[in-house]
Amino acid sequence: MIPETGDKKRIFYGRRFGHKLRTRKRQLVDSLLPQVAIDPAALSKTPCDPATMFNRQADQVWLEIGFGGGEHIAAQARQNPDVNLIGCEPFFNGIASLLDEIDRDGIGNIRIFADDARTLLDALDDASIDRCFILFPDPWPKTRHNRRRFISNENLNSLARVMKDGAELRLASDHMEYVRWMLFHTLGHGAFDWQARGPQDWRIRPADAPQTRYEEKALVRGAHSAYLRFQRKSRSITLENCGKIP
Ligand SMILES: C[S@@+](CC[C@H](N)C(=O)[O-])C[C@H]1O[C@@H](n2cnc3c(N)ncnc32)[C@H](O)[C@@H]1O
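Quick note on our numbering: the sequence shown kicks off at 171 and runs consecutively.
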């Protein structure tokens, strides 16, 4: 457990290390990770413009929080060469898997923040992210652990701050109680509109999104998944949203 980030006392409850890495992945951690990792020192200069984390120009910056084995962020990076992507993941074996994909396919538009996404969110500039994915976050099903869930009012405040007006927040889960929790917290927050118009909009995976490892595991168990797409509301004050948008 890493007890502290910046001046906020926070605990990361997930795993940082799994099984021993094979030689190739160990070599990639030594050689490639330093080239694509976001230097925590760059975050001390707050607020931090994510565009400066890349040595290439792009139309947009997208963020994936908890990329696991990196299948989704790698596929998005290949499909969207005009976009720069930041992936956050503290689990070292997952980071090594993504490095493997980056190296194999010569992907040049991903940067990795190998730590708790909340530290990065704290440092990012206001309205600097064009899209954010949080796919199959740990459901923490026991009631006494619910407060560990990533979707929380505190983290939604951070997301609302760093996301641009109109930016998409894409969530997914196969844990239906967490899906209800996601809807309750995200709609109750006030800065996000749910984009669904009918059941097909949340029951079917968006066409541009590949299956993630956790989604695959859910399918094997026979569990259904839900895909929730929200839009960050405009910050401009209107009579309708006056006093509601953080
Ligand atoms: C259940 S896994 C899902 C992984 C992947 N998104 C997928 O669908 O296969 C949740 C992931 O979120 C990561 N995670 C948990 N808390 C996080 C945090 N505060 N910041 C970044 N990643 C986090 C975990 O390490 C884990 O890899």
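Note that beta-carbon positions come from the ideal geometry of N, C-alpha and C, so glycine has one too.
Treat the numbers as computed from the prediction; the structure is a model and nothing was measured.
Pairwise C-alpha distance: residue j and residue i
i: Q401; j: D344; result: 21 angstroms
i: N316; j: I265; result: 26 angstroms
i: V349; j: A342; result: 8 angstroms
i: E347; j: W310; result: 10 angstroms
i: G184; j: S406; result: 38 angstroms
i: I299; j: D371; result: 23 angstroms
i: I277; j: L198; result: 14 angstroms
i: S404; j: S267; result: 37 angstroms
i: I172; j: F187; result: For I172, the predicted structure reports a pLDDT of 34, less than 50, and the residue's modelled location is therefore unreliable. The matter cannot be settled from this model.
i: H189; j: N263; result: 8 angstroms
Heavy atom of ligand 1 within 7 angstroms of residue i beta-carbon
i: A287; result: yes
i: I235; result: yes
i: Y348; result: no
i: R331; result: no
i: F306; result: yes
i: F262; result: no
i: C218; result: no
i: C302; result: no
Residue-level contact to chain D via CB, residue i, 8 angstroms cutoff
i: G240; result: No chain D is present in this structure, which holds just one protein chain.
Residues bridged to residue i (per DSSP)
i: W232; result: L255 and R301
Minimum C-alpha distance to residue i - residue among the options
i: V206; options: F283, F306 and D252; result: F283
i: F261; options: I280, L269, G238 and D273; result: G238
i: D295; options: T222, W364, W351 and I272; result: T222
i: L191; options: R314, P369, L269 and I304; result: L269
Checklist entry - Is the segment 389-405 touching the segment 370-378 in the sense that three or more CB pairs, one from each, lie closer than 8 angstroms? => result yes
Item to check | Touch test, the segment 208-221 against the segment 353-370, Cβ-Cβ under 8 angstroms, three pairs minimum | outcome: no
Checklist entry - Is the segment 323-330 close to the segment 255-272, with three or more CB pairs under 8 angstroms? => result no
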